[in-house]
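Numbering (my numbering), first residue to last: -16 to 1015.
Positions of the beta carbon are idealized from the N, C-alpha and C atoms, including for glycine.
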């Protein structure tokens, strides 16, 4: 991976005419450079002339802010001119120097973040305020910080903290200190595989002798680059030197007219894998009053730290004459190539996004998936065969096309040309493969020329159409390639299921994790979902794209099938019909989704006598019921034929031919293990619900007794279908919940446990609870919504859904505790869409839901010893996952009193999330207990509106339980930080945070100016991301 480091130093900015002019020219010059997508701007000190706050504010507005908008990642360290000299203390500095053991770093067993007692920032108060804005930091103290930027680990160290006013003729040289202990700790925390960058202001020979050698040893041993400034020199031999493994690079001064030599800066082009570096210098021309190529600093303005760096950047593989022909012709018409050769057609190949893949790794006893990487990883030359495995409708043909395109674009660098073979459309033998390589080539070669390229190892074959379920065909292909094309590596896109009846074989596919590189196609994350929307609907503005992305994530969190581009594309076509559509009713969503798949909006669908999309849905509902009644998860080929015949006989109609093929091609049915079944569990539930709607006896069997705890997924869909008597279903669930509450209270009472009060036993009476409340308030108010945080939370939300192909066997939930959890989720989801039941019933059901949730929290509290301390625990038939116990067991135990009610409140908030339910939530809120109010507040927190804001604030102001208030603040903080891409949610949560700030009126809740600047940075980063997305 390549990263550009813009190395700035010694600007000495003053707010005057010449300085402002110079900084504008600098900004324009950086903007004009071809820096690539990964840019770090490293400023190694003396940003301003005298550490004045106004100087930093103007510098931010004129330079640093625009760099953030241009998608630069900023890392700064202080120089001696960043010190506020009036705050320095020569006596204290002398005392610190005399303390050779650096004992001021510790207080007992604790590390002290700063050596200063009264003012933690010492004489760098204004600088530190600026540095704080460029978060996040992995670690940060007065002595330095660690910052991870992509695969670059940045360590910034404070070398100037002992600078102070000195007598004329005296200087800081030999009287400064960088703390070796702190730097060593920072080094230990860095990812081993990362590119490591150390920033200082002073050269190492300016440090005092006690720590100089230690810092030098740590820097040379552990860092790839060490950047510094301070010494205003233009001598190339002084600017760059190598010591052991590290390269030390000193930047020229940006603005130092009193120094000899030329002013300027450097751009360091780094290959973060090899460590190679190329330095391009820019110098300021006074006569031309602009920045130009810095030929004063190096030949042609370019310098290489090592000869190996020069060879790395200047060398490129030689190309054979046949490969040169690939580059010499007219630009390749990829649109036409796709139309002629790819089985999965698309009207707009420019709408394709680059998916991600997981490499499958192995150990002695297990296999695992590595973190996802872009598909482009396999574009790089390799003699190993690569296999990407995924379901049939996941977009593998598109991946094959993108791989061919990517390899073609790299021919100039690699000398390897792409060829293509569709193994699903033809027989496999030497002649058919060679013929396809010639006929599907982007450049026309004769058969003899293609054979010659293959023999040279100058071809890479992209293969579509292989299938793991047909091992005989798969193995025949591999044997043919090995025998006739041994020097041609393949990139094969392999399906996991076959369209139509599965082929059974005793053979296994010849696939080896030792000899081959095997990948699984990764599901889409939030950013890629957004890209799919932007690609498919290019005329939408950014705000509409974000709204559609929010709706798509809401929908996909309720759909338990893998998220591939094809799934998202169809969903987008459904959602885009109405940009304000809020997909919280799964049945209505599925109505649109399935109808769209089956041609609901095509003219053919409305013609008289056509077996329409509605007819197809009715037949699929009948098939779903057959699968449920047989309880086998699917139908054999003969059972499918029997179901088809019985449907025709039962309704005296003739079904059209090819229905099975159509349903499979459109992704509704698949063949798994020799059985025909629904592609995803939620589709099966939807079609069962439609059968329940048409057969009251069948519906009663599903919704009563133990059926409630076996078919709760189907009941949710049934309750959401138009015309269902949801009130009756709710009453049945009410009775079940009430009975479960009574059973659990009685069972635990016999064991001496009162579930209604057990949570109180986990709460401490320590008065520090009050402090904890204010701590939560301060953390919320001093934070800022961040788009990346929002994406992380949404990605986690999608990851929490267990996704699978096919239909899972239905098992009855047995334990009372697990039954209560199932019933509460079902209850909430039914309430969410029961909009037309009377008000008193709506309030009754909400109150019962929250009452049951309190009993559940009581049960969790009874098991708190295990749930709070263990990463995975099973209690009451429920598996509890507690990741916090992996990292800090004691904190996890201490936080149980917050996490128990908050975990339940989030489950309920997701279950009842419907803007139309807001009035009911606000109405029931005053009737609830303190914990019930916590649950209702979380629901209001997810439903943006002014009335919901007011209700939340009134409830929190009237709350008395300090622990539950703190728990609410934690939930508020999570939603607030996760609202970075959703303007409605951001405004909603900001309004609540602002209301709390006004009510509390604590100065400690944050500096308004700092908060305003953080919001400005947020908007700049968002603008930079949008701009980057628009150009890729």
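Paired residues, beta bridge with residue i - DSSP
{"i": "residue 402", "result": "444"}
{"i": "residue 132", "result": "135"}
{"i": "residue 357", "result": "339"}
{"i": "residue 862", "result": "857"}
{"i": "residue 901", "result": "In the DSSP output, where bridge partners are listed per residue, residue 901 has none listed."}
{"i": "residue 24", "result": "-11 and 57"}
{"i": "residue 350", "result": "345"}
{"i": "residue 634", "result": "DSSP, once it has assigned bridges, lists no residue as partnering residue 634."}
{"i": "residue 373", "result": "478"}
{"i": "residue 502", "result": "342 and 371"}
{"i": "residue 211", "result": "233"}
{"i": "residue 655", "result": "658"}
{"i": "residue 31", "result": "-4"}
Residue i burial status per 10 Å Cβ neighbour count (16 or more: buried)
{"i": "residue -15", "result": "exposed"}
{"i": "residue 1027", "result": "Since the first residue shown for the chain is -16 and the last is 1015, residue 1027 is missing from the structure and cannot be characterised."}
{"i": "residue 387", "result": "buried"}
{"i": "residue 1018", "result": "Residue 1018 lies beyond the residue range present for the chain, which begins at -16 and ends at 1015; the question has no answer from this structure."}
{"i": "residue 354", "result": "exposed"}
{"i": "residue 608", "result": "buried"}
{"i": "residue 345", "result": "exposed"}
{"i": "residue 0", "result": "exposed"}
{"i": "residue 986", "result": "Residue confidence is low: residue 986 scores 38 on pLDDT, short of 50, so the model does not pin down where it sits. Its coordinate-derived value is still stated next. Exposed, because fewer than 16 other Cβ atoms sit within 10 Å of the Cβ of residue 986."}
{"i": "residue 711", "result": "exposed"}
{"i": "residue 241", "result": "Its pLDDT being 47, under 50, residue 241 is placed unreliably by the model, and the measurement read from it follows with that caveat. Per the 10 Å Cβ criterion, exposed."}
{"i": "residue 687", "result": "exposed"}
{"i": "residue -11", "result": "buried"}
{"i": "residue 539", "result": "buried"}
{"i": "residue 330", "result": "Bear in mind that a pLDDT of 48 at residue 330, under 50, signals an unreliable position, so the number given afterwards is only what the model happens to contain. Residue 330 is exposed by the Cβ-count criterion."}
{"i": "residue 155", "result": "buried"}
{"i": "residue 623", "result": "buried"}
{"i": "residue 864", "result": "exposed"}
{"i": "residue 455", "result": "exposed"}
{"i": "residue 869", "result": "exposed"}
{"i": "residue 4", "result": "exposed"}
{"i": "residue 544", "result": "buried"}
{"i": "residue 2", "result": "buried"}
{"i": "residue 194", "result": "buried"}
{"i": "residue 149", "result": "exposed"}
{"i": "residue 1040", "result": "No information on residue 1040 is available, as it lies outside the stretch -16 to 1015 that the chain covers here."}
Inter-residue CB distance, residue i and residue j (contact presumed, cutoff 8 Å)
{"i": "residue 259", "j": "residue 291", "result": "7 Å"}
{"i": "residue 170", "j": "residue 190", "result": "Their Cβ separation, rounded to whole angstroms, is 17 Å, which puts residue 170 and residue 190 out of contact at 8 Å."}
{"i": "residue 447", "j": "residue 380", "result": "5 Å"}
{"i": "residue 938", "j": "residue 901", "result": "Between residue 901 and residue 938 the Cβ distance is about 14 Å, and since that is not below 8 Å, they are no contact."}
{"i": "residue 66", "j": "residue 106", "result": "5 Å"}
{"i": "residue 125", "j": "residue 97", "result": "4 Å"}
{"i": "residue 338", "j": "residue 358", "result": "5 Å"}
{"i": "residue 788", "j": "residue 606", "result": "With 8 Å as the limit, residue 788 and residue 606 do not qualify as a contact, their Cβ atoms being about 17 Å apart."}
{"i": "residue 310", "j": "residue 394", "result": "6 Å"}
{"i": "residue 703", "j": "residue 816", "result": "5 Å"}
Sequence ranges, alpha helix (DSSP H) only - wholly within the segment 148 to 205, length at least 4:
Qualifying alpha helix (DSSP H) stretches, in chain order: 163 to 171 and 192 to 205.
Report the start-end ranges of each beta strand (DSSP E) in the segment 57 to 144 that is 3 residues or longer and not cut off at the edges.
Within the segment 57 to 144, the complete beta strand (DSSP E) runs of at least 3 residues are 122 to 124, 127 to 132 and 135 to 140.
Could you tell me which whole beta strand (DSSP E) segments of length 3 or greater appear in the segment 454 to 482?
473 to 478, all fully within the segment 454 to 482.
Enumerate, from N- to C-terminal direction, the unbroken alpha helix (DSSP H) stretches of 4 or more residues contained entirely within the segment 761 to 831.
Secondary structure within the segment 761 to 831: the alpha helix (DSSP H) runs of 4 or more consecutive residues, fully enclosed, are 770 to 782 and 799 to 816 (chain order).
Which ranges would you report for the alpha helix (DSSP H) in the segment 901 to 956 if only whole runs of at least 4 residues count?
List check, alpha helix (DSSP H) in window: 901 to 907, 913 to 924 and 929 to 941.
Taking contact to mean 3 or more Cβ pairs, one atom from each stretch, closer than 8 Å, check whether the segment 165 to 184 and the segment 204 to 211 are in contact.
Of all C-beta pairs linking the segment 165 to 184 to the segment 204 to 211, three or more are shorter than 8 Å, placing the two stretches in contact.
Mind pulling the beta strand (DSSP E) runs of 3 or more residues that sit fully within the segment 248 to 292?
As for any beta strand (DSSP E) of minimum length 3 sitting wholly inside the segment 248 to 292, the runs are 260 to 268 and 273 to 276, ordered along the chain.
Quick check on the DSSP output: what are the complete alpha helix (DSSP H) runs of length 4 or more inside the segment 690 to 751, in order along the chain?
Counting only runs of 4 or more, we get 695 to 703 and 709 to 733.
Segments of 4+ residues assigned as alpha helix (DSSP H) that fall wholly inside the segment 594 to 635:
Every alpha helix (DSSP H) of 4 residues or more that sits fully in the segment 594 to 635 is shown, in chain order, as 596 to 613 and 620 to 634.
With a cut-off of 8 Å, do at least 3 Cβ pairs link the segment 849 to 858 to the segment 716 to 726?
No, the segment 849 to 858 does not touch the segment 716 to 726.
contact_flag[the segment 678 to 693, the segment 791 to 809] where n(CB pairs < 8 Å) is 3 or more
Look at the beta carbons and you see the segment 678 to 693 touching the segment 791 to 809: at least three pairs across the two are nearer than 8 Å.
Take every Cβ of the segment 789 to 799, pair it with every Cβ of the segment 877 to 887, and state whether three or more of those distances are shorter than 8 Å.
No, they do not touch.
Tell me, please, whether the segment 693 to 706 touches the segment 640 to 660 by the rule of three or more beta-carbon pairs shorter than 8 Å.
The segment 693 to 706 and the segment 640 to 660 do not touch, with fewer than 3 CB-CB distances between them shorter than 8 Å.
Measuring CB atoms only, is the segment 940 to 955 touching the segment 881 to 891, in the sense that at least three cross pairs come out at less than 8 Å?
Taking 8 Å as the limit for Cβ pairs, the verdict is that the segment 881 to 891 does touch the segment 940 to 955.
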